[in-house]
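For the sequence shown, position 65 (counting from the first letter as 1) is numbered 45 according to this note's numbering, and the numbering increases by one without interruption.
Report on the following structure.
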Amino acid sequence: MKFKYKNNVPIDVQAHPGKYTIENRYGLHSLEISTCDFDDIAQYRASAMNVKGEISAYASLVVKRYKGEIDASHLHAGTFSMPLSLGVTPHGFASRFEIKFIDKFEVMFGREGETMSLGCTVVISPDIKRFKPDIEWYRNGVLITPSKWVQMHWTGERASLTLTHANKEDEGLYTLRVVMGEYYEEYSGYVFVRDADAEIPGAPGAPLDVQCLDANKDYVIVSWKQPAVDGGNPILGYFIDRCEVGTTHWTQCNETPVKFARFPVTGLIEGRSYIFRVRAVNRAGVSLPSRVSEAVAALDPADRARLRSHPSAPWTGQIIVTEEEPAEGVIPGPPTDLQVIEATKNYVVLSWKPPGQRGHEGIMYFVEKCIAGTEDWQRVNTEIPVKSPRFAVFDLSEGKSYCFRVRCCNSAGIGEPSEATEATVVDDKLDIPKPPGRIMPTRNTDTSVVVTWTEPPDAKELVGYYIESSVVGSGHWEPCNNNPVKGTRFICHGLVNGEKYIFRVRAVNAAGLSEFSQDSEPIEVQAAIGGGLLHAAPSPPYDITVLESVRDSMVLGWKQPKATGGTEITGYYVNYREVIGGVPGKWREANIKAISERAYRIENLKENMVYQFQVAAANLAGVGTPSLPSKPFKCEEWTIAVPGPPHDVTYTEVRKDSLVLLWKEPVYTGRSPIAGYYIDMKETEAKEEHWRSVNEKPLQKKFLKIAGLTEGVSYVFRVRATNQAGVGRPSDITDPVVAETRPGTKEVVVNVDDDGVISLNFECDQMSPNSKFVWSKNYEPIEDDSRLDIDSKGGKSKAIFKNLGEDDLGIYSCVVTDTDGVSSGYTIDEEEMKRLLALSHERKFPTIPLASELAVEILEKGEVRFWLQAEKLSGNAKANFVFNDKEIFNGEKYKMKVDQRTGLVEMIMDKLEDKDEGTYTFQLQDGKATNQSSLVLIGDVFKKLRDEAEFQRKEWHRKQGPHFVDQLGWEVTDECNVMLKCKVANIKKETHIVWYKDDREIMVDEEHDFKDGVCTLLISEFSKKDTGIYEVILKDDRGKDVSELKLTDTAFADLMNEVCRRIALSATDLKIQSTAEGIRLYSFVTYYVDDLRVGWVHNDTQIRYTDRVKTGVTGEQIWLQINEPTPQDKGKYTMELFDGKTGHKKTVDLSGQAFDEAFAEFQRLKQAAIAEKNRARVLGGLPDVVTIQEGKALNLSCTVWGDPTPEVSWLKNEKSFVSDANCILKFEAGKNVSFTISAVSTHDSGKYSLVVKNKYGTETSDVTILSHM
């Protein structure tokens, strides 16, 4: 249920007959108020109500006085042209007819070939019997006349229209107009005609609106419109058929399909009439034919006009043309005004005027062509000359340039050629239009949506637009219209209530159909009643000021209303009045039509007159309250030299520490051009003397970002212009603005998508339904869309750069209208441009980042692994593997794997062969992103890798049995012994180990237990004798392994160096020892080898060895012997041990007490040695026991020594014993002693002692003699 109110009081139509008319026309509810007067000024409200609630829409009506001030006497005289709402009856008086439509036709849908009827019952009051209405039908605003396709009927109560055979040409907005005198009422409804089912599945829809243009004697241009439905395959072209009127035989005019929706048909017979039709063709087949064209006669246009103005008989479809008998012939002159009127890829159409000199007989024409730049003219129509001053030239090479000329001929001969045309390139001169932009759907009714769009740029010869709709998520598109619509607005009917739809539009011209526009934002099909908004008229503008004044006009400026009424302001109305002697006069309107700018020049004022002004703002809700009257301004010529004030000073992009100030240049510039601007600012509450200039030098631009504001402080600003004469007066100050960044403030963000498209993006969550995104560059509106595409959907908007370059450098800002100052800006300078272009290239041609390039490694079994790792891969990533430019695949030889989770791509080969030498490449693809990495394995690099793989393979096989983990090596123990050792693995109880040196087995005392997996061989006191080649063998039933160690040459020297080092480190501190010969310094080592070099230093001087001072080694003792020491031998002694690489030192101090004690001991030992040397002693000792038989002889002898010669005596049984006859004792030559018994008896048994004695000592030697029988 719907109601209408005036000032919240319901409108009673019956109580005011003829005053109000309330209608629901085509889903649009309207209130018509007839003969408005000042009593009709009010606020009107339309309300809709159902069980779920009520919604209202408001409008304010302001009635202005009519300037002409109608004389009421004219209303009765019948001589005045009445407004539309009044009618003039045959009786000569004015009356208001009320025309109503009931039982109305609604939106209708049909198919080609069907019969469709639409009609309305018409009720007219008052009913005047002799005053009958005129019934008119219109389609898309064009009056319809009856034909074989359309029949009309009026019963006196009901008007109807029947489409006997509906075609797509019949689609459109049908309007029934009922006319009563000068008054009429209308009702409209849309009729949609869909394509008939194609005879061939997948064939396109039929073309439509076939027309014949530029008909002549033997030539006509046929044009048509492309169908909306292409059958799912692009239309390849069109076939044109002709049929001579009066026959039923159709002839195809072109052998190959033409794409251009115009085609010249030649070869017509003069005087005969033809009809034409067109068929579309795609890959699936040929469409049904279009509706036939109107018949057209092949006549000279002048003859056709003459026949139409003087019809002599009913037209039978054929005209007989006769020619006069030729008189004496005159060769005709050349044609004139030859030009190319149309050029496509398929043909070129020429047009010319007949010559002035042509004799008294008809003329015909020959057409000639040549390639531009040559004079090789060729006749095009070699057999039959053409009669019409039009000709279509076919069979031209696309892309080449041609010139054309024409000759006239008659019976007298062929005339001179015309002037040649300019060079013409064989190509389509009309481009297919670009897609429309900014597709915007809005709610209309429960089953319809209003779709608007913007015309494509550089569009030429547009035929119209096709609109398609799709239920969101279905992927299926349906045409909304089958006849191209003009304009940029269309109501799409037949939609399902509650469903969400998206829409797209394509433009049509003769060259073809554009690409589809971008899809619109989804919209739910639902009736719109006032948009659900409570709109009000705007508040008054304020701060009216004069921007320029001349003798008879003044330019005003003002500020936008603080309250816009919930929707954008559509314009302003300015009133003015004279002020004489301080007394204001009546207000007058300065403009009838609303103005959009906030500056307006009021013309036709009186010089030196004082005026006041007021301004009212208007929006969709109506005209708001006018502003208060301005202060008085005098209309006089400004002659000051400095500029006038800048105006329209506003701010945007307000943040806590900055804002952007904008202004417009002064209307009055003074006596010289504007040189720049100064910006002043102060805190709002500060006094006038606190104004300060923001800039020291004048600014050339008309905007400035002011930084350094204090958060939370309120500021005001003003602008002054300057020229050569000086600085002009300041603008009006701005409204106060607080420096703050409001919660939820968003900034313009630059984005580069995956296709490399660069865009500036801005979001707003504070939008009202009427809010719009407005983009500007350097704070000037962006009017040139050749650089940017603006795409706004919902609360998001983006400015898309078509080809970012230096022309795009600047500050881009976006303002959201109908919000509380939502705005933001973004600067693109040269550096930022370079960054964005680099990022765009990276995104357009993305590269998969690699964590590591392609590498190769040898696996444990000798397999060869090629691998690389990407930083990140998606689940759709794939890899191609290439060897020497040929792709290789997963199989027996190659094992390939791509791990998207880790980004690892690898290929494993079991072994490398000679034929595998070459270049390996991994090619990655992940969506659009690609990358590749190569590895070249040739020459020495390949051989080394192959050998390493072979070695590793053998190693693996080796390790299947007992094997060496660490090969045979050596180490020197703390005892300076050499230990040969190796580490083994995979050992079992039965495994044996055998040691060899120089191929001879080394016998070891006990079997090795392989404890800790280590085998050792200890070589004690290692020396040169141990040089050689050592080998150890592990073996059991699983196999054997050998490890070899060469201890020869350099290897032996290295080992000996280490042995020597360890020996040197084992040396004890030097000690002092006294001997009988002198003093000995010595140190003990673990053991000594000849490779250890020993040196001695005395008081930092190398000792030179002599018989008195000598060095040597005794066992493990290294010594220095100083014989017969003297005081000169005192000092510090150093033993230097050199292991082949490093020296090791041991030091002792032989001086002072150390020397004295050693020397004294030496003297003592020396004397003891002398005594020991010279004392008496038995050198050849006697036997301990002698057993001898009685009677035998016994002879014992020995040698004695002593210096001086010792004394010799004998004892028997501890008693002195001397020589006698039986026992002879001798001592000869001071050294030989003898004991002889000639015949031994029992009496001779006993203990005998030889005693030798001198001054150094005594020695005794005993012998026991035992005699027996």
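Where is the CB? At the ideal position from N, CA and C, for every residue including glycine.
- Cys744 sits in coil when the DSSP states are folded into three classes, being neither helix nor strand.
- Residue nearest to Glu786 within the set Lys814, Tyr648, Phe990 is Lys814 (criterion: CA-CA distance).
- Within the stretch 531 to 575, no alpha helix (DSSP H) run of at least 4 residues lies entirely inside it.
- Under DSSP, the beta-bridge partners assigned to Ile79 are Ile104.
- Burial check for Ala598: the Cβ neighbour count within 10 Å reaches 16 or more, so the residue is buried.
- Here His972 is bridged, per DSSP, to Lys1015.
- Just measuring C-alpha positions, the residue of Ser381, Asp715, Leu188 sitting nearest Val320 is Ser381.
- Taking 8 Å as the upper bound for CB-CB distance, Lys367 and Asp198 are in contact here, some 5 Å apart.
- Between the alpha carbons of Ser1241 and Phe1064 lies a distance of about 39 Å.
- DSSP places Arg359 in the strand class (E or B) of the three-state scheme.
- Thr135 and Arg119 have their C-alpha atoms roughly 21 Å apart.
- In the three-state reduction of the DSSP assignment, Thr996 falls in the strand class.
- A direct Cα-Cα distance of roughly 12 Å separates Glu822 from Asn911.
- The residues Thr1066, in chain order, have a CB closer than 7 Å to that of Glu955 in the same chain once the five nearest residues on each side in sequence are set aside.
- Contact between Ala278 and Asn213 is ruled out by a C-beta separation of about 36 Å, above the 8 Å threshold.
- By the Cβ neighbour-count rule, Lys148 is buried, with 16 or more other Cβ atoms within 10 Å of its own.
- Separation of Lys325 and Pro421 (C-alpha to C-alpha, rounded to the nearest whole angstrom) is 38 Å.
- In the three-state DSSP reduction, Trp847 falls in the strand class (E or B).
- Remark: fewer than three beta-carbon pairs, one from each stretch, lie closer than 8 Å, so the stretch 761 to 775 and the stretch 715 to 728 are not flagged as touching.
- Nearest neighbour of Lys542 by Cα position, chosen from Cys383, Thr227, Thr714, turns out to be Thr714.
- With fewer than three CB-CB distances shorter than 8 Å, the stretch 772 to 784 does not count as touching the stretch 853 to 872.
- Between the C-alpha atoms of Val130 and Pro184 there is a straight-line separation of about 26 Å.
- About 5 Å separates the CB atoms of Gly211 and Gly182; that is less than 8 Å, so the two are in contact.
- In the three-state scheme derived from DSSP, where H, G and I count as helix and E and B as strand, Asp189 is classed as strand.
- Under the three-state reduction of DSSP, Thr1222 is assigned to helix.
- Rounded to the nearest whole angstrom, the CA to CA distance from Lys(-1) to Leu156 is 23 Å.
- Taking the Cβ atoms as the reference, Val885 lies roughly 7 Å from Trp847, within the contact range of under 8 Å.
- In this structure, Tyr481 places its C-beta atom within 8 Å of the C-beta atom of Val429.
- In the same chain as Arg469, and ignoring 5 residues on each side of it, the C-beta atoms closer than 6 Å to its own belong to Thr432, in chain order.
- Non-local beta-carbon contacts of Leu608 in its own chain, meaning distances under 8 Å to residues more than five positions away in sequence, involve Pro520, Tyr522, Gln594 in chain order.
- Rounded to the nearest angstrom, the gap between the Cα atoms of Ala596 and Gln680 is 33 Å.
- According to the DSSP assignment, Lys1206 belongs to no alpha helix (DSSP H) but to the beta strand (DSSP E) extending over 1203 to 1208.
- For Gln1101, the enclosing beta strand (DSSP E) begins and ends at 1097 to 1103.
- At least 8 Å separates the beta-carbon of Thr702 from that of Tyr648.
- For Phe172, the enclosing beta strand (DSSP E) stretches over residues 163 to 174.
- Distance from Leu442 to Val488 at the Cβ level is roughly 7 Å; contact confirmed, criterion being Cβ atoms closer than 8 Å.
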